[in-house]
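In the working numbering, the protein residues as written are 9 to 130. Reviewing the structure listed below.
Printed below as a string of structure tokens:
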């Protein structure tokens, strides 16, 4: 792996924590977590630039985040929604696999008046 630096990025809120992978002053990856009520931690999105994938950057970001929660949040429950490619790492770390989710999407359109949305004839 090239000379990648991982930087902790403080947030304006205490609930969000972020790390970025930097190479030559350019962000090539990031990872986040959010502290939630009831002693829960949600592992948020992780991203690595397509030119730098398969070089261990995702694992390095993940491991730094994992060390952070182990040091600072003992007793909390961590959870994540992950892509199939990330699942082996989470299982390796002791996470239990839950239900499968399906991605859906929709283009948001202008709201039409009730008369334009449906036609009723008498």
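C-beta atoms are modelled at their ideal positions from N, C-alpha and C, and glycine is treated no differently.
Relative to the C-alpha of residue 84, which residue among 66, 42 and 61 is closest?
-> 42
Based on Cα-Cα distance, which residue from 28, 77 and 47 lies nearest to residue 55?
-> 28
Reducing DSSP to helix, strand and coil, say where residue 87 ends up.
-> strand
When the Cα of residue 44 is compared with those of 65, 81 and 96, which residue comes out closest?
-> 81
Sort 69, 88, 101 and 113 by Cα distance to residue 107 and report the nearest one.
-> 88
DSSP three-state assignment for residue 77, whether helix, strand or coil | helix
Find out if the Cβ-Cβ distance for the pair residue 30, residue 57 is shorter than 8 Å.
-> no
Nearest to residue 39 (by Cα), restricted to the options 33, 47, 24 and 46 = 24
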